[in-house]
Each structure stands twice: as structure tokens, then as C-alpha cells.
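Numbered per mature numbering (1 follows the signal peptide of the UniProt record, and there is no 0), the sequence shown spans residues -21 to -1, 1 to 92.
Backbone N, C-alpha and C define an ideal beta-carbon position, used for all residues, glycine too.
In this text the structure is predicted, and so the values were computed from the model without any measurement.
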Amino acid sequence: MHWTLVWSLVVTAVCLSLVAGLPSGAAERRCGPDPDASSVQGRALCPFFLSNVTVFDNVELLEATLDPLCPKNAWCGPEGKKRKCTPVWSVMRRDGFNDEEVPVAFVCASPPR
């Protein structure tokens, strides 16, 4: 039950972030990514920050600013720009005896050079 609550909070947070996001074209005009940066944050279409957010006394979630048009591993950004939707945060989902890592936060970033 506890993990179900946490999972539903994560999904809710991701959906709210997606609704509040800007289209990639608007983000491209306002942001200047550095394709040579070593970190995903530097290569991202727009700068983003990861921060812990306390939901309850003993539950913390990691919050990220997301690109609303970034499905997993899709190409993104304006035409002619080779960028990929890169996962920046994942959650662990337990399936029976197995743990599965599920990426939930993506940003549009240049691939590492």
C-alpha cells in the first residue's frame, strides 16, 4: 500500500509537470544548451534542476522540470538537431521478486560527444 501511494504521487507529479511544460520549439528559442557539456543538465534543451521534495515526514520524491514532448528514447528538438529524450530520474517498481527501474523524468538533450 505504501509503495502504491508513493507511485501514484510520482505519476501525479509527472503529469502535472507535463501539463505545465512548454512546447520544445518555445523552449529552444529561450534556452541555449551546450552540446559539449559533460552532464545531461548542460546538454538539455533548457536548464533543469533536480531537488528533493518532502511529501510526508518519511517520503521524499525527486522533482524535475520536464519537456512535455519527450517520450522515452524519442528524437526531439527542432528539425536538423539530433537530440534525444534522456531520462534524468527513475523509480524502482517491484514486480513479484524482481525490481524494475522505470524512467519517469525526461529532458530533451544532445547526446554526449
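Rounded to a whole number of angstroms, what is the C-alpha to C-alpha distance between residue 55 and residue 89? Rounded to whole angstroms, residue 55 to residue 89 spans 9 Å at the Cα level.
Opposing strand residues paired with residue 82 [DSSP bridges]: 69
Using a 10 Å radius around the Cβ and a threshold of 16 neighbouring Cβ atoms, would you call residue 53 buried or exposed? exposed
If you measure from the beta carbon of residue 68 to each beta carbon in chain C, is any gap under 8 Å? Here chain C cannot be found, since the structure has a single protein chain.
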